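Asker: Following this message is one structure expressed as structure tokens.
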Amino acid sequence: MSKIKEKFKQLKSKKESALISYIMAGYPSEKATLSAVRGLIQGGTDIIELGFPFSDPIADGPTIQMASTESLNSGTKINNFFSIVKKIRKESDIPLVLMTYTNILYNQTYEKFILRAKQAGIDGLILPDMAIEESKEYVKAAKKVGMDTIFLVSPNTEKDRLKQIIKSTSGFLYMVAVFGTTGVQTKIHKYTIDALKNTKNAAKGKIPVGVGFGISTDKDVQKYVSSGADAVIVGSANIKIIENTPAGKIQTRIATFTKKLKNKTR
Amino acid sequence: MKIGIPKDGRFGDFGGKYIPETLAPAIEELERNYLKIRNDKNFKKELGRLLIDYAGRPTPIYFARNLTKTVGGAKIYLKREDLLHGGAHKINNTLGQALLAKRMGKKRIIAETGAGQHGVATAMACASLGLKAEIYMGYVDTVRQKQNVFRMELLGAKVHAVKSGSKTLKDAINEAMRDWITNVDSTYYLLGSAVGPHPYPLMVRDFQAVIGVEIKKQMKKIPNAVIACVGGGSNAIGTFYPLIDTNAKIIGIEAGGKGVKTKLHSAPLTAGKKGVLHGMMTYLMQDKDGQISQTHSISAGLDYPGVGPEHAYLKDENRVEYKAVTDDEVIDAFLILTRTEGIIPALESAHAIAHAIKISKKMKKTESIVVTLSGRGDKDIDIVKEYLSKNVKNKRKI
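Heads up: the protein sequence lines correspond to chains A and B, in order.
As numbered in the working numbering, the first sequence has no gaps in its residue numbers, which increase by one up to the final residue, 266.
As numbered in the working numbering, the second sequence has no gaps in its residue numbers, which increase by one up to the final residue, 1398.
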């Protein structure tokens, strides 16, 4: 059983939803990333999603775009990324998910990249520009080494397509809460709650459904959890904290924020 | 080798639709609607009328007698897309897509632009068809092509200067895609080059193929060589596609910038590697990690790290030869054409002219070359002036 699957199983037995926390690797430095990871674990997050920056992040809003650019400018390479992952693995067993864009994997070939990621300690992958039609080779390479492939669905994804995506998804299904990029929502739309119900129905309990994009407060978390989300994903809000916190205090501030969010998943 | 409608949106290995899931229904809707109108007589008639009465088609084929004489060699013909309304081939595509958008009931049009020609052509098509246009343009490009920014604004379009990334065409596309993701229901994304997810490369090629179709009709016999410049590659694919099954030698010219051995160029077919960007698999300028490289070209319209997937396919099939020329060679060609023929070419098109000058010398006088002059150069005169003030070698030639 994959680490992610196991985590969801444990949470289910405790009747909890998962908190999934995103941060951008190398933003603003490797050291800050490790402090933030410690803070997330301390605050009780269930799964950590580590971003690897891409030069052209079309699915991301201004906050994560900024973090990508800064991380690249500070010299983050794939080698650094895997070294960060290995360092985290020395301290913790927490499920780790990598979020990046297709070209980063394709450049090295799916097979080689995924094998390397698995060996470093990554448990699942999220590629927001990997459409289901183009994913055959990618899914095959991931299956081969037991890497979870976390696909995204949107509130406008049609029923048949949703079924098709669920078939290729492992770990959890990532439902995008809004029409838009990451980090820009201000309120919770009715269409999102409706879509969450439809997606849960389509998933039939076989795969957990996580909701992400624009979720930044404990109230948001509570609303989605009470509407049936198996997981909530918080990203840009963490980046904003890191942006506005001196290096020495990142761990504590992230821990406090994460604890507040995690409380609402119980 | 000639591909009509690409199966699964693929030209060989290239193309496809690597898109965020939110766009999937929009792309599907677009594909369905486009394939429906592709053979619709009424649509063709309406577009045909607009191309004649509004855009100024057909454009002439002009025998560049003086240029030919100066260079010495094969006869050089110019396909005068620069004479179209707006001053570039871009209007062929914007009229087609704007008409499609209107039929789909979309009222808000977004587009990206590099040099500004596609933005202007979009603003024109939207003004004439009663649609609202918003144009994304890299901040760097808004500075170097400021005249076009004002033209777009005069035409009623809203221009967004994009300050993320390298602040050029690729970033304008990123931002347009983000807008589309956010406003997917109401908005039509009118892409200007033969790039992006399927069905854009197909659609843009179809709308631009009028160039090659006219060349075939206008030339008494199939030319020995056909040359066009390639950024995303819309004027080139429009020129080449109808000639793929002939025995003409077909050559696409990329922006060699300061030289393809330096990092300062925009020539992915000459010096790039396969990858995924802007919804398509194609050749890309990228580093060892797969990060997209900063590009350089004297012409904003070619300053792009990727290329249309059909070009990538035609390269791998060895049907089209892709070469690059440098900024220096482009300025020379710009000056030669201006002086000998009284035609000021766009810097983009001057890339194709530069290569025609190179090869015509080695060809027989009885042979012929057709160069697609994709646009006029009024927009570029400030850039040329500045270049000449810094480069004495070229200046001596005026």
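Where a beta carbon is used, it is the ideal one built from N, C-alpha and C, also for glycine.
This structure is a prediction, so every number in the text was calculated from the model and none was measured.
#1: Please return the same chain residues whose Cβ sits closer than 6 Å to the Cβ of Q42 of chain A, not counting the five positions on each side in sequence.
#2: Would you mind stating whether M1281 of chain B and F1014 of chain B have Cβ atoms separated by less than 8 Å?
#3: Strictly under 8 Å for the Cβ-Cβ distance: is P1020 of chain B near chain A by that measure?
#4: Which stretch, first to last residue, makes up the alpha helix (DSSP H) that contains K1221 of chain B?
#5: Identify, in the order they occur along the chain, each residue of the same chain with its Cβ nearer than 6 Å to the Cβ of R253 of chain A, setting aside the five sequence neighbours on each side.
#6: Ordered along the chain, which non-local residues of its own chain (more than five positions away) have a Cβ less than 6 Å from that of F113 of chain A?
#7: Measure the Cβ-Cβ separation of F1207 of chain B and N1093 of chain B and say whether it is below 8 Å.
#8: Who are A1088 of chain B's beta bridge partners in DSSP?
#9: Terminal residues of the continuous alpha helix (DSSP H) containing V37 of chain A?
#10: Just by C-beta distance, which residues in the region 1264-1298 of chain B are closer than 7 Å to chain A?
#11: If you follow the alpha helix (DSSP H) that V85 of chain A is in, where does it begin and where does it stop?
#12: Counting contacts by CB-CB distance shorter than 8 Å, is M1177 of chain B in contact with chain A?
#13: Looking at the C-beta of E30 of chain A, does it have a partner C-beta in chain B at a distance below 8 Å?
#14: I1227 of chain B and A1352 of chain B look like a contact to me (Cβ under 8 Å); what is the Cβ gap, rounded to whole Å?
#15: Using a Cβ-Cβ cut-off of less than 7 Å, give me the residues of the region 164-179 of chain A that come near chain B, in sequence order.
#16: I'd like the ranges of any beta strand (DSSP E) spanning at least 3 consecutive residues and lying wholly in the region 1073-1161 of chain B.
#17: So which residues of chain A does N1174 of chain B contact, with C-beta pairs closer than 7 Å?
#18: Among all the DSSP beta bridges, which residues are the ones paired with G1015 of chain B?
#19: For E158 of chain A, count neighbouring Cβ atoms within 10 angstroms of its own Cβ and tell me buried if that reaches 16, exposed if not.
#20: Using a beta-carbon distance cut-off of less than 7 Å, what residues from the region 119-135 of chain A approach chain B?
#21: Do you know how far the Cα of K206 of chain A is from the Cα of E243 of chain A?
#22: Taking buried to mean at least 16 other C-beta atoms within 10 Å of its own C-beta, is T102 of chain A buried or exposed?
#23: For A231 of chain A, which beta-bridge partners are listed by DSSP?
#24: For N103 of chain A, which residues in chain B fall below 8 Å Cβ to Cβ?
#25: Which full runs of the beta strand (DSSP E) of 3+ residues lie inside the region 1277-1340 of chain B, going along the chain?
#26: I need the DSSP call for D1185 of chain B, collapsed to helix, strand or coil.
#27: Mind the definition here: the region 1100-1117 of chain B touches the region 1242-1255 of chain B only if three or more C-beta pairs lie below 8 Å; say whether that holds.
#28: Could you pull the start and end residues of the alpha helix (DSSP H) that K12 of chain A belongs to?
#29: What does the Cβ neighbour count give for T181 of chain A, buried or exposed, with the cut at 16 atoms within 10 Å?
#30: Between the region 1173-1185 of chain B and the region 1336-1353 of chain B, are three or more C-beta pairs nearer than 8 Å?
#31: Using a cut-off of 7 Å between C-beta atoms, extract the partners of I78 of chain A located in chain B.
#32: Which residues of chain A have a Cβ atom closer than 7 Å to the Cβ of P1223 of chain B, listed in chain order?
#33: Just to make sure I have the definition right: I need the residues of chain B whose C-beta is within less than 8 Å of the C-beta of N244 of chain A. Which are they?
#34: Name the two residues that bound the continuous beta strand (DSSP E) containing T267 of chain A.
#35: Is the beta carbon of L72 of chain A closer than 8 Å to that of Q1117 of chain B?
#36: Please state the DSSP three-state secondary structure of E243 of chain A.
Answerer: Reading off the structure:
#1: In the same chain as Q42 of chain A, and ignoring 5 residues on each side of it, the C-beta atoms closer than 6 Å to its own belong to A255, in chain order.
#2: Closer than 8 Å, so yes.
#3: Chain A, which has a Cβ nearer than 8 Å to the Cβ of P1020 of chain B, makes this yes.
#4: Element bounds for K1221 of chain B: n/a, residue is neither H nor E.
#5: Contacts found: I241, T245.
#6: L105.
#7: For the 8 Å CB-CB criterion, F1207 of chain B and N1093 of chain B form a contact.
#8: Paired residue(s): B:G1375.
#9: For V37 of chain A, the enclosing alpha helix (DSSP H) stretches over residues 30-43.
#10: Answer set for the region 1264-1298 of chain B: G1275, V1276, L1277, Q1286, D1289, G1290, Q1291, I1292.
#11: Unbroken alpha helix (DSSP H) run through V85 of chain A: 78-91.
#12: It does: the Cβ of M1177 of chain B has a partner Cβ on chain A nearer than 8 Å.
#13: It does not; no Cβ of chain B falls within 8 Å.
#14: Yes, they are in contact, since the Cβ atoms of I1227 of chain B and A1352 of chain B sit about 5 Å apart, within 8 Å.
#15: Close to chain B, meaning a Cβ-Cβ distance shorter than 7 Å, are the following residues of the region 164-179 of chain A: V176, F179.
#16: Annotation: the region 1073-1161 of chain B contains the following complete segments of the beta strand (DSSP E) (minimum length 3 residues), in chain order: 1075-1080, 1108-1113, 1132-1138.
#17: Result: D56, I58.
#18: DSSP, once it has assigned bridges, lists B:R1010, B:M1281 as partnering G1015 of chain B.
#19: So E158 of chain A ends up on the exposed side.
#20: Within the region 119-135 of chain A, P128, D129, M130, A131, E133, E134 place their CB atoms closer than 7 Å to a CB of chain B, listed in sequence order.
#21: E243 of chain A and K206 of chain A have their C-alpha atoms roughly 38 Å apart.
#22: With 16 or more other Cβ atoms within 10 Å, it is buried.
#23: Beta-bridge annotation (DSSP): A231 of chain A is paired with A:A18, A:G210.
#24: Here the neighbours are G1275, V1276, L1277, L1284, Q1286, G1290, I1292.
#25: Secondary structure in the region 1277-1340 of chain B: the beta strand (DSSP E) runs of 3 residues or longer, each lying completely within the stretch, are 1280-1284, 1320-1325 in chain order.
#26: Looking at D1185 of chain B - three-state DSSP - the assignment turns out to be coil, as it is neither helix nor strand.
#27: The region 1100-1117 of chain B, when compared against the region 1242-1255 of chain B, does not touch it at the 8 Å Cβ threshold.
#28: Start and end: 3-13.
#29: The residue in question, T181 of chain A, is buried, as its Cβ has 16 or more Cβ neighbours within 10 Å.
#30: Because the criterion of three Cβ pairs below 8 Å is not met, the region 1173-1185 of chain B and the region 1336-1353 of chain B do not touch.
#31: Close partners of I78 of chain A in chain B (Cβ separation under 7 Å): D1289.
#32: Within 7 Å Cβ-Cβ: nothing; P1223 of chain B doesn't reach chain A, min ~38 Å.
#33: Chain-order list of chain B residues neighbouring N244 of chain A: empty, with the shortest C-beta distance near 20 Å, by a criterion of under 8 Å.
#34: The structure shown has nothing for residue 267 of chain A, since chain A only spans 1 to 266.
#35: In this structure, Q1117 of chain B lies away from L72 of chain A, with their beta-carbon atoms at least 8 Å apart.
#36: Note: E243 of chain A maps to helix in three-state DSSP.
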